[in-house]
Amino acid sequence: MNQGISGVRKVVIVDAHVHLELPVPYVLSDLSGMAISPEALIDSMERYGIDKSVLMGSSTSAQVSLETQEENHRLIVEASRKYSKKIIPFAFINPRSGKAGLELAKKCFSEYGMKGLKIWPWADFPINCKAVYDLAEICREYRVPLSVHTDNLDPRAHPWLIGEVAKDFPDLTVIAAHMSAEVSLDSIIVAKNYDNVILEASPAPPCHAIEKAVEVIGDSRITWGTDWPFWDQRLPLARIRSLRIPEKSKEKILGENILRILRMEE
Amino acid sequence: MKGMDVHVHIGKDTIYDMEQSAEDITKQMEMADIEKSVIFPFADLISIEERNRLVRNAVDHYPEKFVGMYCLNPWDRDVVNSIEKHVDKSRIVGLFLDAEVYAINFTKSFIQSLFARANEHEFPVIIHTDHPQSRAIQGIGTGLKEISTKYPGVKIIVRATVPGVMPLANQENVFLETSMMTNSRNIKVLVSAFGARKLVFGSGSPIDNAYTIRQLVEFAEITDFEKELILGKNLRKILEH
Chain G
791 MNQGISGVRK VVIVDAHVHL ELPVPYVLSD LSGMAISPEA LIDSMERYGI
841 DKSVLMGSST SAQVSLETQE ENHRLIVEAS RKYSKKIIPF AFINPRSGKA
891 GLELAKKCFS EYGMKGLKIW PWADFPINCK AVYDLAEICR EYRVPLSVHT
941 DNLDPRAHPW LIGEVAKDFP DLTVIAAHMS AEVSLDSIIV AKNYDNVILE
991 ASPAPPCHAI EKAVEVIGDS RITWGTDWPF WDQRLPLARI RSLRIPEKSK
1041 EKILGENILR ILRMEE
Chain Z
-11 MKGMDVHVHI GKDTIYDMEQ SAEDITKQME MADIEKSVIF PFADLISIEE
39 RNRLVRNAVD HYPEKFVGMY CLNPWDRDVV NSIEKHVDKS RIVGLFLDAE
89 VYAINFTKSF IQSLFARANE HEFPVIIHTD HPQSRAIQGI GTGLKEISTK
139 YPGVKIIVRA TVPGVMPLAN QENVFLETSM MTNSRNIKVL VSAFGARKLV
189 FGSGSPIDNA YTIRQLVEFA EITDFEKELI LGKNLRKILE H
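Protein chains in written order, with this note's numbering: chain G, 791 to 1056; chain Z, -11 to 229.
Here it is as structure tokens:
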């Protein structure tokens, strides 16, 4: 927790998007050479004053096999139990996993206490396909958000498709992870159209886009994250702090919003 | 250390709804400890003279803080001859070419004639693009390699994130700038690959702000000397023509 002067309200900083990978060589391609243990994450968080992080598995584990997905989730759960005040566990499931994937999702929410589900369309599925809808149904049942990687480079990950899911599941919270990266204005339009869409400014949508999002949809449906360990946690944090928006809006984006969305307000 | 920023727009972009005045820029420069910025307009098909005038006015008003680049539409008839009229080496010091807005194919002879004229005067040229997937900039690497070889007197500055341009840093007269970069690790990668002398600090303001992109460089695991080169010394040398 960021220490404030006695009697002054503390600002809670929550990184809404970090990854942990299996420590085995065949799924380390993207993270080779990086320090990726839970301890490395905690060390980074303490160094930069981050109180909590939403921790999820990795796209590579999700693409190798169901077994690697299960193993990756066990790793996340272990980390979240060891550092229960600092780590918020998220599921990361490949919709191509069929019924076993749906069962894993249920287990993640009911047994592991995970607070949301991340999916990654670059594993060759569009956001609005039936397999995603099946997972979305489970998220709705367990009242947890569905977080979807978005960008403008791959049409399967385009934020407009998030609008389809948001429209068809009006009582499901859908997080547009990365705010569709460098070109974020499409995400803002989708969030303007659907109140159940959250824009996650991670790790590096342009400052102008985040400021625009605050102007268009207000400051209550925007979160931030770093995509650690791919990104150093410092720069995304500095980016949010440098925005030309009210300080109260920064506080909401930096922590209050994601805790409210995950129903973890303290 | 005081920095220099090679990529700052002034005026209004009606398409993406961005606008900043000279005063907005100077405030940002103060926040990011930038002593001088290279400014140019948002390229467009209309009012280009007015947009360039805005640059000149800002430079006249803040000669210690700004130098300008002349934005030209390569499709204008008398564009080559307009260069000497607008570029003076002291306040408007080079050319600004938007490859996307004007769909520039760098292999075309009439585009090369612009570089030939810039080469005569040793004017630096900033190549501007936005979207990494734009069809308008496919093949930019090939075209710029040919141009930078043919016109060694032109120092070319281009975003490092534009696909296909990174290997161009091996050319003596091509420099990569930092705007739209998002990860400090990539600064280290570029320094390892090409040396810190080939990188210049550019914020891309107002799409990003100078403070954030300066942090990108400051956080990179490179030496302080390399940071000094990127944050200002390299650009100062480029502009001393």
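Even glycine gets a Cβ: it sits at the ideal position worked out from N, Cα and C.
By the Cβ criterion, the region 11 to 30 of chain Z is not in contact with the region 63 to 75 of chain Z, since fewer than three pairs of Cβ atoms, one from each stretch, lie closer than 8 Å. It is roughly 25 Å from the alpha-carbon of D5 (chain Z) to the alpha-carbon of A148 (chain Z).
Shown in chain order are the members of the region 152 to 178 of chain Z whose Cβ falls below 9 Å from a Cβ of chain G: M168, M169, T170, N171, S172, R173.
The C-beta of N61 (chain Z) comes no closer than 8 Å to any C-beta of chain G. Contact annotation: the region 89 to 104 of chain Z touches the region 129 to 146 of chain Z, with at least three C-beta pairs closer than 8 Å. Residue-level contact check: L187 (chain Z) does not touch chain G, since none of the beta carbons of chain G fall below 8 Å from its beta carbon.
Between H968 (chain G) and H939 (chain G), the C-beta gap is smaller than 8 Å, which places the two residues in contact. Burial check for M(-11) (chain Z): the Cβ neighbour count within 10 Å stays below 16, so the residue is exposed. H939 (chain G) is bridged by DSSP to G:A967. Along the region 979 to 993 of chain G, going in chain order, the ones with a CB nearer than 9 Å to a CB of chain Z are P993.
Between the alpha carbons of G888 (chain G) and L831 (chain G) lies a distance of about 32 Å. A Cβ-Cβ contact shorter than 8 Å links S992 (chain G) with D1017 (chain G).
With a beta-carbon spacing of about 6 Å, A10 (chain Z) and Y50 (chain Z) fall inside the 8 Å limit used to define contacts. Using beta-carbon distances, Q100 (chain Z) does not count as an interface residue toward chain G, since no partner is under 8 Å. Cβ proximity to chain Z below 7 Å picks out W1021, D1022, R1024 from the region 1008 to 1024 of chain G.
For the region 24 to 39 of chain Z, no residue has a beta-carbon sitting nearer than 7 Å to a beta-carbon of chain G.
Among the CB atoms of chain G, none fall inside 8 Å of the CB of Y58 (chain Z). In this structure, the beta-carbon distance from W912 (chain G) to A852 (chain G) does not fall below 8 Å. Counting along the chain, F84 (chain Z) sits inside the beta strand (DSSP E) bounded by residues 80 to 86. 8 Å or more divides the Cβ of E990 (chain G) from the Cβ of A956 (chain G). In the DSSP assignment, T14 (chain Z) falls within the alpha helix (DSSP H) that extends over 10 to 20.
With the rule of 3 Cβ pairs closer than 8 Å, the region 890 to 897 of chain G does not count as touching the region 839 to 851 of chain G. The count of Cβ pairs closer than 8 Å, one atom from the region 156 to 172 of chain Z and one from the region 195 to 206 of chain Z, reaches three, so the stretches are in contact. Nearest CB-CB separation between D212 (chain Z) and chain G: not below the 8 Å threshold. A direct Cα-to-Cα measurement between Q8 (chain Z) and K872 (chain G) gives close to 48 Å. Within the region 194 to 222 of chain Z, the residues whose Cβ lies closer than 7 Å to some Cβ of chain G are P194, I195, D196, N197, Y199, T200, Q203, L204, F207, listed in chain order. Nearest to I34 (chain Z) by alpha-carbon distance, out of Z:K15, Z:K0, Z:D48, Z:E18, is Z:K0.
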